[in-house]
Amino acid sequence: MKVRTRFAPSPTGYLHIGGVRTALFCWLFARRHGGQFVLRIDDTDQQRNVEQALEPILEGLRWLGIDWDEGPEVDGPHAPYYQSQRQSRYQQAVEQLLAGGHAYYDYARTEEITAEREAAQQEKRQFVYSRRWRARSDEDAQRFEAEGRQRVVRLLMPREGTLVIDDLVRGRVEFAWASEQDHVVQRTDGSCLYHLASVVDDHDFEISHVIRAEEHLSNTPRQAFIAQSLGYDLPQYAHLPYVAEPGSRNKLSKRKLEKYLKNKDFKTLAELGEQIAARIGLATSAETFNPVIVDFYREIGFLPEALVNYLLLLGWSLDDKTETFSREEMIAQFSLERVNRAPASFDPAKLLAFQQRYMQQLSVEQRATFVRPWAELGKLISTPASEKERARLQKVVTAAGDRLRVGGDILDYEEFFTEDDKLAYDEKAFEKRIRKPDDAALLLRELAAALAGVEPFSAPEVEAAVRAFIEQRGIKIGQVIHALRVAATGKAVGCGMFETLEILGRDSTLTRIERALAQL
RNA sequence: GCCCCCUUCGUCUAGUGGCCCAGGACGUCGGGUUCUCAGCCCGAAAACAGGGGUUCGACUCCCCUAGGGGGUACCA
């Protein structure tokens, strides 16, 4: 059988971390079996500009390398892939259901249905619609209409027997038909509802495997009924567990940011993002820029491969030890059988650890290239960067080494790019390392003199000179290096001191030391 | 209320009746390396939701309870 999967986002304006995990699994399954991955847009009740609200979602998928064979932009043999453009097809399906006796016109008022439901609940029994306002004949219909009633189309659900679904993740799941409702498939205004649309589309698009979030498991019976009534073969179903909040089993939602911010790791990530956004002048709002949204990671400089690898392991595992998967490996190894049935909570700390791991695997050249856009956006260097700036950037990236976790971290190293007379000092560090120690100023002055003659001004030579200096005076390196760091970089922490000085060069180093001493 | 799904260290997970006084990873804690911070290395603490069965033997099978999630919409 030809494997075809689909991901069906609503154009909401952003791509949620849970949603993209579902998309990834659909995509992996299709690729694993040499099939196709289809993108369908569920915009049945969208009033706003769909194109605009869709773009961030497509952008997110593209960034992560989740490519679609059919759907928006690429089209395909079953176009259009927008539900809003397929209403006439759904209308046709409704008529087919009616003609086949699988659905009926119903004239009940909302209050009447509600009353029946509440009565059932009072008696603690399953609610089943009495079908009192079902039009069994034209005469019924005319009579109801004469009463000023409006009609909807309801499913004529079976009242006995069971439906067995062999879910690829859950296993065998049984539903009693009697506990299903006569769901509405077409509204009073003639528009069709999601479940009908979804079933029709899955059939028309020849979807073989419906891989979707767990919240749809309970919706499967009505969809299966629609499909069967329309004479369609049922697709294979696979219901994925939802992605939970950090440190809890509750479902991850974009609306509970306040709560997530109380989680230490989530907060750390969120703050990292805010800092970077501020430095590159990115206007952010909690709505669209936070660790629950995929775009966040792209903006602050995560590697897509790291996010994908992390997401892969959120609810899936190959065995008891394999954690790193290349794109090819995950495609070759992915299987729905190994999807966990329990919800997996989103762990920002572990995601960051994956990012760090992937960053470490890049060569210095790759890392410098990757990081450059942030250096440009943050005005550390010009846009586009000159050859000279690129060369310096690469040196800084080398010196920073593993300190660069995400692309935006390069913004922590502005001291390498600012002019000597504009270097800012961390006041606390300056106080502690230069102003307060009695001998700091003197040592710094003498050290500057020693450094003046170092030739060439390279890390090993500078280090040799500093070591000779302290040995000569019988002091420890700590007594001079901290002051030197603050004078040269304005900060208490940073890259290796000697590499730092080499990058700055003799002139800047000496100028900066002098300037620091002048501040006293 | 009714129906369905889920439950192993804080977190992601391995485990399909004996290999498990439960393994790996992230995080945490302690130590080492060191000019700071990272990184790296070594080590430690940390879990089978609870209760009943079945069995010579249960993390693994069955039942109940609790907790979490979903559906019960003219939402998707």
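To convert, take the position in the first sequence, counting from 1, and add 3; that gives the numbering used here.
For each residue, glycine too, the CB sits at the ideal point set by N, CA and C.
Taking C-beta separations shorter than 6 Å and ignoring five residues to either side along the sequence, the partners of histidine 186 in its chain run Leu158, Arg225, following chain order. Ranked by Cα distance from glutamine 90, the first of Asp46, Ile516, Asp70, Glu119 is Asp46. Shown here for valine 202: same chain residues with a beta carbon closer than 6 Å to its own, the five before and five after excluded, namely Gln226, Ile229, Ala230 in chain order.
If you draw a 10 Å sphere on the C-beta of alanine 443, you find 16 or more other C-beta atoms in it, and that means buried. Inclusion of arginine 515 and alanine 495 in the CB contact set at 7 Å is not warranted, their separation being larger than that value. Secondary structure at lysine 479: coil, using DSSP grouped into helix, strand and coil. For valine 400, the uninterrupted alpha helix (DSSP H) segment begins and ends at 390 to 403. Counting along the chain, tyrosine 197 sits inside the alpha helix (DSSP H) bounded by residues 197 to 207. In this structure, the straight-line span from the alpha carbon of leucine 285 to that of glycine 250 is close to 29 Å.
If you look at threonine 191, you'll find it isn't in any alpha helix (DSSP H); DSSP assigns it neither H nor E.
Alanine 216 places its beta carbon 7 Å or farther from that of threonine 372. For lysine 262, the three-state secondary structure derived from DSSP is helix.
Taking 4 residues as the minimum length, the alpha helix (DSSP H) runs contained wholly in the region 234 to 306 are 260 to 263, 267 to 282, 297 to 303, in order along the chain. Annotation for isoleucine 334: Leu31, Arg34, Arg35 place their beta carbon closer than 8 Å to its own, counting only its chain and skipping 5 residues before and after.
By the Cβ rule, the region 240 to 247 counts as touching the region 7 to 26, because three or more pairs are nearer than 8 Å. Looking at the DSSP output, glycine 74 bridges to Asp78.
In the assembly as shown, alanine 82 is an exposed residue. Its beta-carbon has fewer than 16 other beta-carbons within 10 Å. Cα atoms of glutamate 502 and threonine 512: separation of roughly 12 Å, rounded to the nearest angstrom.
For threonine 15, the closest alpha carbon among the candidates His198, Glu54, Met4 is that of Glu54. Threonine 165 sits in a strand when the DSSP states are folded into three classes.
Along the region 16 to 47, the alpha helix (DSSP H) occurs as fully enclosed runs of 4 or more residues at 20 to 35, listed in sequence order.
Distance from the CA atom of glutamate 261 to the CA atom of phenylalanine 269, rounded to whole angstroms, is 11 Å. Put simply, the backbone Cα of glycine 508 is about 7 Å away from that of phenylalanine 460.
DSSP places glycine 508 inside the alpha helix (DSSP H), whose first and last residues are 500 to 521. For isoleucine 384, the three-state secondary structure derived from DSSP is coil. Pairing alanine 309 with leucine 354, the inter-Cα distance amounts to about 8 Å.
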